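Colleague:
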Amino acid sequence: MEVTVTDLSPCRKQLRIEVDAETVDAKFDAVAKDFRRQAHLPGFRPGKAPLPNVMRAYGDKIADEAKRALMADSYSDALKQQELKPVIMPEIEELQFGHGKPFQYMATLEVSPAFELPEYNGLEVEKERRSVTEEDVTKALSTLQEQRVEYRDVDRPMGEEDFVVVNYKGTVDGNPITDIVKVARGITEQANAWLHLKRNPLVPGLVEALIGGAKGDKKTINVTFPEEFIYEELVGKDAQYEVEIVDIKEQSLPELDDTFAKSFGAEGIDKLREGVEADLKNELEYSQKQSVRNQCVQRLLDAVTCDLPETIVNQATRAAVHNIVQSNHNRGVSKEVIEENKDDIYTNAKANAELRVKANYILAQIAEKEGIKVTEQELSRQVAAMAMQQKIKPQKMADQLKENGGIYEVQEEILNAKVIDLLEEKANVTEIDPIQDSNQSPPPKK
392 MEVTVTDLSP
402 CRKQLRIEVD
412 AETVDAKFDA
422 VAKDFRRQAH
432 LPGFRPGKAP
442 LPNVMRAYGD
452 KIADEAKRAL
462 MADSYSDALK
472 QQELKPVIMP
482 EIEELQFGHG
492 KPFQYMATLE
502 VSPAFELPEY
512 NGLEVEKERR
522 SVTEEDVTKA
532 LSTLQEQRVE
542 YRDVDRPMGE
552 EDFVVVNYKG
562 TVDGNPITDI
572 VKVARGITEQ
582 ANAWLHLKRN
592 PLVPGLVEAL
602 IGGAKGDKKT
612 INVTFPEEFI
622 YEELVGKDAQ
632 YEVEIVDIKE
642 QSLPELDDTF
652 AKSFGAEGID
662 KLREGVEADL
672 KNELEYSQKQ
682 SVRNQCVQRL
692 LDAVTCDLPE
702 TIVNQATRAA
712 VHNIVQSNHN
722 RGVSKEVIEE
732 NKDDIYTNAK
742 ANAELRVKAN
752 YILAQIAEKE
762 GIKVTEQELS
772 RQVAAMAMQQ
782 KIKPQKMADQ
792 LKENGGIYEV
802 QEEILNAKVI
812 DLLEEKANVT
822 EIDPIQDSNQ
832 SPPPKK
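Note that the numbering used here has the sequence shown beginning at 392, numbered continuously upward.
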């Protein structure tokens, strides 16, 4: 067998494979003999017909089976000979096939990237020195308070901490804003919209102009859309809003007492505080652990330069786009807004897909070098956990994953996690002071 390799790109190869005529004829004869054993030809006992008669009767089927067997064997041997690891099924172009002739064909395939594995033991990573403070616990309790907040109608002018319920309609040069941006219905007109000064209102400056207003007031408010506005077409444009105050609502937070604690299943406020503190500590530990693990992977990504198989990146990109769109749907984002931002969605999805695919190849190579494998027990446990989450039987979950090919993704996730466990265990972790939030003022000098 002769194999010639042409590099179409770093991850795309074309193999020209030729199987000699002697091997082709031997395969024809072997297949013909298999057919003869089951052949029922007039004038001959089953399995006793001469090969020429069998060839005349079943020639096309014999040729197809011989070709299939020769291609399977020669393609597998060619991959081993050239040390290639294909990532997709090959594109086959037949050049020549027939009894008494060499079998020639071309196989175009994509292969795993070739790269030198960097040193992965002792990766340098950082972990912030953090602990759960009383302030953290107090903030968390305040968040729980907000989950039990009540809103009361008030008969007084609107204050900065109040919610205001309004009807509004916006225009630019006397025309609805949707004439400029069709999908901007939310900032063009709304009825009974709840607005708050500190809750990122859609229309900048609208709520500020209502402070001090009373229920029933009607106002004309002029605003100018700022530089960083969500709709680029409106940046710098002057708009006029006709606004009616329908209601003013005051927030009423519950007291932090035993009654409040019991609404969350705690025996009392002290027990609730202890539980909140424990949860925060667990969250902090998890966050720090994930940061170290992410840094380990990032160090490897930074150290490796390689091309990636286009087909695999495209598959990962499609999956990422689907996830982004689904996430936006779940958050209530309209189809129009998603469509308007489809180019940005695709660009971000492809960038993330490329990083994920690259990381998968690096981690897989480490797994091979270290002899790390996924056991049947580990796979079964993960499938069972997924089944529990979706409230179906484990066997049904397993069948679904096998049917749609998702079982390979599950195996890959488990394998990656085991490799990252190794990286984390061997990493050199340096503790650093917490990174200053850019929105916070620096501590006073002593």
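Every residue, glycine too, gets a C-beta built ideally from N, C-alpha and C.
Computed from a predicted model, the values in this text were never measured in an experiment.
(1) Would you give the residue range spanned by the beta strand (DSSP E) that Leu586 belongs to?
(2) Going by alpha carbons, who is nearest to Lys471 out of Phe506, Leu406 and Ala454?
(3) List the whole-angstrom C-beta distance separating Leu692 from Lys606, where the pair is believed to meet the contact cut-off of C-beta under 8 Å.
(4) If you run the structure through DSSP and keep just helix, strand and coil, what is Tyr511?
(5) For Asn819, which residues does DSSP report across the bridge?
(6) Could you check the C-alpha separation between Tyr542 and Val810 for me, to the nearest Å?
(7) When we look at the beta-carbon of Pro700 and count the other beta-carbons within 10 Å, is it buried (16 or more) or exposed?
(8) What is the DSSP secondary structure of Leu486, reduced to helix, strand or coil?
(9) So within the segment 679-727, which uninterrupted alpha helix (DSSP H) runs reach at least 4 residues, ignoring any that extend past its ends?
(10) Which two residues bound the contiguous alpha helix (DSSP H) that contains Arg747?
(11) Short check: CB of Phe651 to CB of Arg539, under 8 Å?
(12) Are the beta-carbon atoms of Pro825 and Glu519 separated by less than 8 Å?
(13) Please report how far the alpha carbon of Pro477 lies from the alpha carbon of Ala498, in whole angstroms.
(14) Taking DSSP as the reference, what is the three-state secondary structure of Leu806?
(15) Sorry if obvious, but does the Cβ on Thr414 come closer than 7 Å to a heavy atom of the ligand NAP?
(16) Have a look at Ala457 and Arg772 and give me their C-alpha separation to the nearest angstrom.
(17) Is it buried or exposed, Phe419, if we count other Cβ atoms within 10 angstroms and call 16 or more buried?
(18) With H, G and I counted as helix, E and B as strand and the rest as coil, what does DSSP make of Lys836?
(19) On the CB-based measure, 16 or more other CB atoms within 10 Å of its CB, does Asn795 come out buried or exposed?
(20) Report, in whole angstroms, the separation of the C-beta atoms of Leu500 and Pro481, which I expect to be a contact under 8 Å.
(21) Given Gln756, which residues of its chain have a CB within under 6 Å of its CB, disregarding the five upstream and five downstream residues?
(22) Thinking just about the alpha-carbon of each residue, which of Glu767, Leu770, Gln536 and Ala600 is nearest to the one in Asp649?
(23) For Phe501, does the three-state DSSP call read helix, strand or coil?
(24) For Met549, which residues from the same chain have a beta carbon less than 8 Å from its beta carbon, with the 5 sequence-adjacent residues on both sides left out?
(25) Who are the near neighbours of Ile571 in its chain, counting only those whose CB is closer than 7 Å to its CB and skipping five residues on each side?
(26) What are the boundary residues of the alpha helix (DSSP H) that includes Ser533?
(27) Can Ala742 and Val704 be called in contact, C-beta distance under 8 Å?
(28) Along the beta strand (DSSP E) that carries Asp420, what are the first and last residues, could you check?
(29) Going by beta-carbon coordinates alone, are Glu557 and Leu586 separated by less than 8 Å?
(30) For Ala669, tell me which candidate among Asn739, Glu619, Val820 and Asp527 has the shortest Cα-Cα distance.
(31) Return the chain-ordered list of same chain residues with a C-beta closer than 7 Å to the C-beta of Gly577, the five sequence neighbours on each side being excluded.
(32) Going by other Cβ atoms of all chains shown within 10 Å of its Cβ, with 16 needed for buried, is Asn807 buried or exposed?
(33) Please state the DSSP three-state secondary structure of Thr569.
(34) According to the neighbour-count rule (16 or more other Cβ atoms, all chains shown, within 10 Å of its Cβ), is Ser465 buried or exposed?
(35) Return the residue from the list Lys452, Ala460, Val394 and Arg403 that minimises the CA-CA distance to Ala417.
Modeller: Taking the definition as stated:
(1) Here residue 586 refers to the residue found at position 195 of the sequence shown. It spans Glu580 to His587 - the beta strand (DSSP E) in which Leu586 sits, taken as one unbroken run.
(2) Translated into the one-based positions of the sequence shown, residue 471 becomes position 80. Of Phe506, Leu406 and Ala454, the residue nearest in Cα terms is Leu406.
(3) On the sequence shown, residue 692 is found 301 positions in, with the first residue counted as 1. On the sequence shown, residue 606 is found 215 positions in, with the first residue counted as 1. Actually they do not touch by this definition, with Cβ atoms about 57 Å apart.
(4) Taking the first residue of the sequence shown as 1, we reach residue 511 at position 120. Here Tyr511 sits in coil by DSSP.
(5) In the sequence shown, the residue the question calls residue 819 occupies position 428. Among the bridge pairs identified by DSSP, Asn819 is matched with Glu515.
(6) On the sequence shown, residue 542 is found 151 positions in, with the first residue counted as 1. On the sequence shown, residue 810 is found 419 positions in, with the first residue counted as 1. Straight-line measurement puts the Cα of Val810 at about 51 Å from the Cα of Tyr542.
(7) The residue given as residue 700 occupies position 309 in the sequence shown. Of the residues assessed, Pro700 falls on the buried side of the cut-off, its CB having 16 or more other CB atoms within 10 angstroms.
(8) Residue 486 sits at position 95 when you count from the first residue of the sequence shown. Three-state result, Leu486: strand.
(9) For the segment 679-727, whole alpha helix (DSSP H) runs of length 4 or above, ordered along the chain, are 701-721.
(10) Counting from 1 along the sequence shown, the entry for residue 747 is found at position 356. Going by DSSP, Arg747 is part of the alpha helix (DSSP H) stretching over Lys733 to Glu761.
(11) The residue you call residue 651 lines up with position 260 of the sequence shown. The residue you call residue 539 lines up with position 148 of the sequence shown. Their beta carbons are under 8 Å apart, which means Phe651 touches Arg539 by this criterion.
(12) Translated into the one-based positions of the sequence shown, residue 825 becomes position 434. Translated into the one-based positions of the sequence shown, residue 519 becomes position 128. Closer than 8 Å, so yes.
(13) Position 86 of the sequence shown holds residue 477. Position 107 of the sequence shown holds residue 498. If you take the alpha carbons of Pro477 and Ala498, they lie about 11 Å apart.
(14) As a first step, residue 806 is located in the sequence shown; it is residue number 415 there, counting from the start. In this structure, Leu806 counts as helix in the three-state DSSP scheme.
(15) Looking at this structure, you won't find the ligand NAP or any other ligand, since it has none at all.
(16) In the sequence shown, residue 457 corresponds to position 66, counting from 1. In the sequence shown, residue 772 corresponds to position 381, counting from 1. Roughly 43 Å between the two C-alpha positions.
(17) One-based indexing of the sequence shown puts residue 419 at position 28. The residue is buried, with at least 16 neighbouring Cβ atoms inside 10 Å.
(18) Position 445 of the sequence shown holds residue 836. For Lys836, the pLDDT reaches just 39, beneath the cut-off of 50, and the residue's location in the model is therefore unreliable, leaving the point undetermined.
(19) Reading the sequence shown from its first residue, position 404 is the one you call residue 795. With a 10 Å radius around the Cβ and a threshold of 16 neighbouring Cβ atoms, Asn795 comes out exposed.
(20) Taking the sequence shown and counting its residues from 1, one reaches residue 500 at position 109. Taking the sequence shown and counting its residues from 1, one reaches residue 481 at position 90. Taking 8 Å as the upper bound for CB-CB distance, Leu500 and Pro481 are in contact here, some 4 Å apart.
(21) For the purposes of this step, residue 756 is taken as the residue at position 365 of the sequence shown. Once the five neighbours on either side are set aside, the close Cβ partners of Gln756 are Leu508.
(22) Here residue 649 corresponds to residue number 258 of the sequence shown, with the count starting at 1. Looking from the CA of Asp649, the closest CA among Glu767, Leu770, Gln536 and Ala600 belongs to Gln536.
(23) What you label residue 501 is simply residue 110 of the sequence shown in a count that begins at 1. Position check: residue 501 holds Glu in this sequence, whereas Phe was assumed. Glu501: strand per DSSP, three-state reduction.
(24) Residue mapping note: residue 549 aligns to position 158 of the sequence shown, counting from 1. Counting only residues of its own chain and dropping the five nearest sequence neighbours on each side, Met549 has a CB closer than 8 Å to the CB of Val555, Leu601, Ile602, Gly603, Gly604, Ala605, Ile636 and Ile639.
(25) In the sequence shown, the residue the question calls residue 571 occupies position 180. In the same chain as Ile571, and ignoring 5 residues on each side of it, the C-beta atoms closer than 7 Å to its own belong to Val563, Glu624 and Leu625, in chain order.
(26) As a working note, residue 533 is residue 142 in the sequence shown. From DSSP, the alpha helix (DSSP H) with Ser533 extends over Glu525 to Gln538.
(27) Translated into positions along the sequence shown, residue 742 becomes position 351. Translated into positions along the sequence shown, residue 704 becomes position 313. In this structure, Val704 does not lie closer than 8 Å to Ala742 by Cβ.
(28) Along the sequence shown, read from residue 1 onward, the residue named residue 420 stands at position 29. Looking at the DSSP string, Asp420 is not in any beta strand (DSSP E); the run it does join, the alpha helix (DSSP H), is Ala412 to Gln429.
(29) Counting from one through the sequence shown, the residue named residue 557 turns up at place 166. Counting from one through the sequence shown, the residue named residue 586 turns up at place 195. For clarity, residue 557 is Val in the given sequence; the question names Glu instead. Less than 8 Å divides the Cβ of Val557 from the Cβ of Leu586.
(30) Position 278 of the sequence shown holds residue 669. Residue Asp527 is the option with its Cα nearest to Ala669.
(31) Within the sequence shown, the letter at position 186 stands for residue 577. So the list reads Leu593, once near-sequence residues are dropped.
(32) For this step, residue 807 is matched to residue 416 along the sequence shown. Per the 10 Å Cβ criterion, buried.
(33) Position 178 of the sequence shown, counted from the first residue, corresponds to residue 569. Helix, per DSSP.
(34) In the sequence shown, the residue the question calls residue 465 occupies position 74. Around the beta carbon of Ser465, 16 or more other beta carbons sit within 10 angstroms, so the residue counts as buried.
(35) As a working note, residue 417 is residue 26 in the sequence shown. It is Ala460.
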